[in-house]
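Read through the structure below, which is laid out as structure tokens, and then see the notes.
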Amino acid sequence: MPVLHRGTVMLLLALLVAAPAAAQQVGVNSAVNTDATGTPPGARARPLAIGQQVVHNEHIVTDAGGQAQILFLDESAMTIGPGSDLTIDEFVYDPQSGSGRLAMNATRGVMRFVGGRISKLENGVTMQTPSGTIGIRGGIFLMNLQRNGTLDVVLLYGKDLTVKSGGVLQSITRPGYAVSVAGRGAAPSAPAPAPAGQLAGLLAQVSGKPGANGGATTTPTDASVAGSGVSNTISGDVNASVQQAGLNRPAAQPTVINIASLQTNLQVNNTATQSAQQQVSAGPVMYTDGFVVKVGGSDSGLQTSFTGTLSNGQLTVPAQPGIDKGGTLPLPPGQATFGPITLNANDSNQSVGSTFLTPDRSAFTAVVSDATGGFGTQNGKTTFVVGGVPTVNLPTAGVGSYSGVANGLMQNQAGAIANASGGFSGSYNFATQQGSVSFSNFGGQNFGGPVAGTGGNTYGGQLSGGGGASGAVLGKFFGGGASTTGGIFAVSGQTYNALGVYAGSQQH
Numbered sequence: 203m204p205v206l207h208r209g210t211v212m213l214l215l216a217l218l219v220a221a222p223a224a225a226q227q228v229g230v231n232s233a234v235n236t237d238a239t240g241t242p243p244g245a246r247a248r249p250l251a252i253g254q255q256v257v258h259n260e261h262i263v264t265d266a267g268g269q270a271q272i273l274f275l276d277e278s279a280m281t282i283g284p285g286s287d288l289t290i291d292e293f294v295y296d297p298q299s300g301s302g303r304l305a306m307n308a309t310r311g312v313m314r315f316v317g318g319r320i321s322k323l324e325n326g327v328t329m330q331t332p333s334g335t336i337g338i339r340g341g342i343f344l345m346n347l348q349r350n351g352t353l354d355v356v357l358l359y360g361k362d363l364t365v366k367s368g369g370v371l372q373s374i375t376r377p378g379y380a381v382s383v384a385g386r387g388a389a390p391s392a393p394a395p396a397p398a399g400q401l402a403g404l405l406a407q408v409s410g411k412p413g414a415n416g417g418a419t420t421t422p423t424d425a426s427v428a429g430s431g432v433s434n435t436i437s438g439d440v441n442a443s444v445q446q447a448g449l450n451r452p453a454a455q456p457t458v459i460n461i462a463s464l465q466t467n468l469q470v471n472n473t474a475t476q477s478a479q480q481q482v483s484a485g486p487v488m489y490t491d492g493f494v495v496k497v498g499g500s501d502s503g504l505q506t507s508f509t510g511t512l513s514n515g516q517l518t519v520p521a522q523p524g525i526d527k528g529g530t531l532p533l534p535p536g537q538a539t540f541g542p543i544t545l546n547a548n549d550s551n552q553s554v555g556s557t558f559l560t561p562d563r564s565a566f567t568a569v570v571s572d573a574t575g576g577f578g579t580q581n582g583k584t585t586f587v588v589g590g591v592p593t594v595n596l597p598t599a600g601v602g603s604y605s606g607v608a609n610g611l612m613q614n615q616a617g618a619i620a621n622a623s624g625g626f627s628g629s630y631n632f633a634t635q636q637g638s639v640s641f642s643n644f645g646g647q648n649f650g651g652p653v654a655g656t657g658g659n660t661y662g663g664q665l666s667g668g669g670g671a672s673g674a675v676l677g678k679f680f681g682g683g684a685s686t687t688g689g690i691f692a693v694s695g696q697t698y699n700a701l702g703v704y705a706g707s708q709q710h
């Protein structure tokens, strides 16, 4: 049976329609010192990487030497120290109205939260732990949850932090003061100055490690931190808040930690630096977002994530969900074909395929098939890949117009399968989160339809074409300021079936 039989295409259509709700982006990993892993819902654990999406209900774990930082879409930041376990239970954010809610769940570890826009709302941010519930409004707090259930919470900045446990609610209103909970069910202590050395000890666990750079290719300097303007969007001036916390401690406390130095080591809350890192440089490019679709065989399916690195015209892909062994393939600028080549030294078969790389290199597509079975035949599996550099500074106004290329497979009425390519164009209103996409001369067919945002940088919609054909599309925005877009589409009709990937650049 051919790889593009109607049942396979219909399966992909169902996956495309269902996928957006399962992959809602809540933020991005803005700093990572190994070892740290994240497990999206319904997927396998993956090593965290800088620039990688964080999605709703993702479970994040660090080992004894691991550290990570999440930069949320509302510009809140959670820094996670070694030996920690955190899940993002809920994240809802409307950038137009500023409304939203962030709910997290921690079972152990040391963490620091810097409030963004959501934290300025009443009951906007909560942290649930086995030993109590923490609430913060427009502030910064440190917490240490030990395996035995002991919970310590310190207010660094803000007017009010609450800790509720055992039916008792305590409020901390002075920076540098702390509340402790002895264990599950115990009532929180009255607020008191943080014990000698506690603040310094906790900060040390969420600061950068000697010789580590948080995954950054260019480590920010004190000057870049000071000039980033971060205090205009997060909960106040981090330096001033920690200094104020120090003033409220007993005189015997050690010297106040220099938070600018900590930011230098772990890129903490430097929004200007984080935005700059989304721009694609002239050197190697790391893709940490995208799609992988495999058709043919019993493991056909869709993955809404991708990881790979482009260096010197070669794309190196590690093993990951949807990709069995990984490997390396040529990825030159523009549209190209490759093969037969051996992608991986352990492969017994060679592969052939087609690729497209956008001019700024922030997005690409690849269609890879087994050469021995013939491109797209019943004996050859085909993998469709879309990779991109994540965008955290998604525009909230204006219209983006995109143009690019679509590649894939087309099956005619007689069942014959052939390579297909065509043009892609799209338009998207970032204020209303609505737009349209169209595919021209894809294997001689034209189809398109409206799309709408589904959360984060993802959008989806229905497609229609000649001869009663219908289908679906699932796409994402990539690069700084959503400079590019790309995705996967499937269309089924009486006279043809089509399956492919696309990418395009914003036209100015």
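Its first residue numbered 203, the sequence shown is counted upward by one per residue in this note's numbering.
Don't be surprised by glycine CBs; every beta carbon is placed ideally from N, CA and C.
Computed from a predicted structure; not experimentally measured.
Whether residue i touches residue j by CB criterion (9 angstroms)
i, j, result
"GLY673", "PHE644", "no"
"VAL607", "GLY510", "no"
"THR352", "SER391", "no"
"PHE649", "SER666", "yes"
"THR557", "ASN609", "yes"
"GLY668", "GLY651", "no"
"SER550", "ALA573", "no"
"GLY286", "PHE315", "A small correction: the amino acid at residue 286 is Ser; Gly does not occupy that position in the sequence shown. In this structure, PHE315 does not lie closer than 9 angstroms to SER286 by Cβ."
"SER627", "GLY590", "no"
"LEU611", "ALA671", "no"
"GLY240", "ILE262", "yes"
"SER642", "VAL653", "no"
"GLY683", "ASN595", "yes"
"GLY706", "THR560", "yes"
Option nearest residue i by Cα separation, candidates the options
i, options, result
"ASP562", "GLY617, PRO534, SER550 and VAL554", "PRO534"
"PRO297", "GLY311, PHE274, THR697 and ALA305", "PHE274"
"THR309", "GLU324, PHE315, PRO332 and ILE290", "PRO332"
"VAL355", "ARG319, GLY311, LYS322 and GLY387", "GLY311"
"ALA233", "THR281, ALA266 and HIS258", "THR281"
"TYR704", "VAL495, SER550, VAL554 and GLY485", "VAL495"
"MET313", "THR328, LEU347 and ARG303", "LEU347"
"GLN520", "TYR489, ASN325 and GLY268", "This sequence places Pro at residue 520; Gln is not what is there. Of the candidates TYR489, ASN325 and GLY268, the one whose C-alpha sits nearest the C-alpha of PRO520 is TYR489."
"LEU350", "LEU371, GLN636 and GLY385", "According to the sequence provided, residue 350 is Asn. The question's Leu does not apply to it. The candidate whose alpha carbon is nearest that of ASN350 is GLY385."
"GLY617", "THR530, PHE343 and TYR698", "TYR698"
"ASN546", "ASP526, GLY536, THR364 and THR560", "ASP526"
"VAL569", "LEU596, ILE543, THR539 and ASN595", "THR539"
"THR585", "VAL497, THR239, GLY529 and ASN595", "VAL497"
"THR375", "ALA388, LEU357 and GLY368", "LEU357"
"GLU324", "GLY268, GLY300 and THR634", "GLY300"
"VAL257", "GLY360, GLN227 and GLY555", "GLN227"
"ASN548", "SER623, ASP237, THR530 and ILE342", "THR530"
"GLY655", "SER373, GLN635 and SER640", "GLN635"
Paired residues, beta bridge with residue i - DSSP
i, result
"ILE320", "Answer by DSSP bridge pairing: none, since ILE320 is not bridged."
"GLN636", "ASN631 and ALA654"
"PRO242", "Note: PRO242 sits in no beta bridge, so no partner."
"ASP362", "ARG339"
"GLY663", "VAL653 and VAL675"
"VAL370", "SER367"
Residue interval of the alpha helix (DSSP H) (run including residue i)
i, result
"GLN405", "Here residue 405 is Leu; the residue named in the question, Gln, does not match the sequence. Here the alpha helix (DSSP H) through LEU405 covers 400-408."
Contacts around residue i, its chain only, beta-carbon distance under 8 angstroms, and the 5 residues preceding and following it disregarded
i, result
"ALA245", "GLN505, SER507 and PRO523"
"ASP291", "ASN259, ALA305, MET306, ASN307 and GLN330"
"TYR379", "VAL356, LEU357, PRO393, ALA394, PRO395, ALA396 and ASN450"
N-terminal and C-terminal residue of the beta strand (DSSP E) that residue i is part of
i, result
"ARG339", "334-339"
"SER299", "Run containing SER299: none; DSSP gives neither H nor E here."
"LYS496", "491-497"
"GLN613", "601-614"
"ASN231", "227-235"
"THR530", "529-532"
"SER391", "Per DSSP, SER391 belongs to no beta strand (DSSP E) and is neither H nor E."
"PHE508", "From DSSP, PHE508 is part of no beta strand (DSSP E); its letter is neither H nor E."
"ASN551", "Segment: none, ASN551 is in no beta strand (DSSP E) and carries neither H nor E."
"GLN254", "Unbroken run through GLN254: none, as it is neither H nor E."
"PRO542", "536-543"
"GLY709", "The identity of residue 709 in the sequence shown is Gln, whereas the question assumes Gly. Per DSSP, GLN709 belongs to no beta strand (DSSP E) and is neither H nor E."
"ILE525", "Unbroken run through ILE525: none, as it is neither H nor E."
Close-in-space but distant-in-sequence residues of the same chain around residue i (CB under 6 angstroms, 5 per side omitted)
i, result
"HIS710", "none"
"GLY600", "PHE632"
"GLY695", "GLY669, GLY670 and ALA671"
"GLY528", "VAL519, PRO520 and ALA521"
"GLN708", "GLY602, TYR604 and SER685"
"GLN479", "Only weak support is given to the placement of GLN479: the predicted model assigns it a pLDDT of 37, under 50, and the value that follows is read from those uncertain coordinates. Answer for GLN479: no residue qualifies."
"GLY337", "THR328 and THR364"
Same chain, Cβ closer than 7 angstroms to residue i, five either side skipped, listed in chain order
i, result
"GLY515", "PRO532, LEU533 and PRO534"
"TYR295", "LEU275, ASP276, GLY302 and ILE320"
"GLY368", "GLY387, ALA388 and ALA389"
"GLN537", "PHE558 and VAL607"
Closer than 9 angstroms to chain B by CB, residue i
i, result
"LEU363", "Annotation note: the requested chain B is absent from the structure, which comprises a single protein chain."
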